[in-house]
Every structure is written in C-alpha cells, then in structure tokens.
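So that you can map any letter, position 57 of the sequence shown is 48 in our numbering, and since no number is skipped, the others follow by simple counting.
A virtual CB, placed ideally from N, CA and C, is assigned to each residue, including glycine.
What you are looking at is a predicted structure, and each value in this text was computed from that prediction instead of being measured.
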Amino acid sequence: KVQQKLKRKVIAASVGVIALGCTVFLVELDTLKMGSGVFRGRDSLFSSEENEVLFHKDGKTSSITVIEHKALEGMLSVRTNGKTDATIYKDERPLGTIDESTMIQLAVIPMALNPNATHVANIGLGAGITTKTVLSNPRISSIHTIEIEEEMVHAAKLLGNQSAAVFSDPRSTIVIDD
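#1: Measure how close the beta-carbons of T88 and I79 come, nearest whole angstrom, since I'm counting them as under 8 Å.
#2: Flag this pair as touching only if the stretch 130 to 137 and the stretch 37 to 49 have three or more C-beta atom pairs under 8 Å; answer yes or no.
#3: Considering only the alpha carbon of each residue, which of I120, V6, T164 and T71 lies closest to A98?
#4: Let's test the definition: count the other Cβ atoms within 10 Å of the Cβ of D169 and tell me whether it reaches 16, buried, or not, exposed.
#5: Note the first and the last residue of the continuous beta strand (DSSP E) segment covering R70.
#6: Below 8 Å, how does it come out for the stretch 140 to 148 and the stretch 104 to 112: are there three or more Cβ pairs, yes or no?
#7: May I ask you to list the residues that DSSP assigns as paired with S133?
#8: Taking the C-alpha atoms as reference points, what is the distance between V171 and D49?
#9: Which residue's Cα is closest to the Cα of F37: L45, L23 and F46?
#10: What did DSSP end up calling T52 once you bin it into helix, strand or coil?
#11: Closest to P128 by C-alpha separation, out of K148, L150 and I95, would be which residue?
#12: Which of helix, strand or coil does DSSP assign to T88?
#13: Among V166, G65, L149 and Q153, which has the Cα closest to the Cα of I55?
#14: Would you please state the rounded distance, in angstroms, between the beta carbons of A118 and S154? I believe it to be under 8 Å.
#15: First and last residue of the alpha helix (DSSP H) that includes K(-2)?
#16: Mark S92 as exposed unless 16 or more other C-beta atoms lie within 10 angstroms of its C-beta, in which case mark it buried.
#17: Using the Cβ count rule (16 or more neighbours within 10 Å means buried), how would you classify R130?
#18: Quick one: what does DSSP say L97 is sitting in, helix, strand or coil?
#19: Measure the C-alpha to C-alpha separation of F158 and G7 and round it to an integer number of angstroms.
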C-alpha cells in the first residue's frame, strides 16, 4: 500500500514537471498581444508592423505596458492589464490627445476652484500629465502623487518631457501605496 501511494506521488510529480516544462518551452508570451486589451474583442489586437512595445513589466498588482503607435505619429499608450490609462504624444504638441486634455483638466479645475491651495495630493500617476500640470502653478509648494503600482512609475519615466517634471521638480513626491 505504501508503494502504491509513493508510485502515485511520483506519477503526479512527473506530470507536473512535464506540464511546467511544456509551458516554459512551448508557450510564447507576446507582450504586444498581452498589452492589446483583447478583452474588447479580437480586432483590438495590435500588429507588430504598426506598434512597438517600449516597456512591459508585471508588477505586484498589475502588468504595465507602454506601446508606441507608429502609424499615429508618435502616439504612446500607457496600459494597465491591457486597459489604456493614458494616450499621449511623446513630444508636446499644441493639440494633444483627448486623454491629455482630460488629464490637464483633472489638475486645472481643482486649482481654479481652490486657487489658494499650496499642497496637493494626486491619486494615480499614469502618464504624469496631471502632476505636471499642477507643477506648472508656482503657488503649489508640494504635490504628492500616490501610485499603487511601482512599475507605472518606471513606465512614466520613459515618456520624456511629458513626465520629466514629475521626477525632477523638488516639489513633487511619488508615494507607492494603496
């Protein structure tokens, strides 16, 4: 009876090792597909001819991807688990994306409603546009940007001038917390 139990355990362990080996050696993980947001439909898969993954990391809470859309003249999308959090141009333009105008308004409207504010908390870093906009106000003495996923911070560093002030302005602090 003991030999029979041992034999079953050896068989189970062998099947597990074979399954793991097949997964590691036979499954190809395509970061472009993983960042495409396929939950919206098969047609939303990005092609590698028109798109390039600039960043993809699995963090503690989510997978963060930055995709450059070459056909859209330097447009970048910052994605969390395939869902777009921000779409921006990698260089500043007079007319940015619709997402950029939303992120700017998230800073401008509260500052207009409370023009005497000097300390600001911003929940979520994303592309950093909201924090950058707050930092353009000279009356602001500090802004704490609270971000749950550390990999989002690493991704935002790739966005050049669009997020540079978030990391270089001494009034800006990023807090990784929930």
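With the given structure in hand:
#1: 6 Å
#2: no
#3: I120
#4: exposed
#5: M66 to T71
#6: no
#7: H110
#8: In the structure as shown, the chain begins at -8 and stops at 169. Residue 171 is therefore absent and cannot be evaluated.
#9: L23
#10: coil
#11: Here residue 128 is Asn; the residue named in the question, Pro, does not match the sequence. It is I95 whose Cα lies nearest to the Cα of N128.
#12: coil
#13: L149
#14: 6 Å
#15: V(-7) to L17
#16: exposed
#17: exposed
#18: helix
#19: 46 Å
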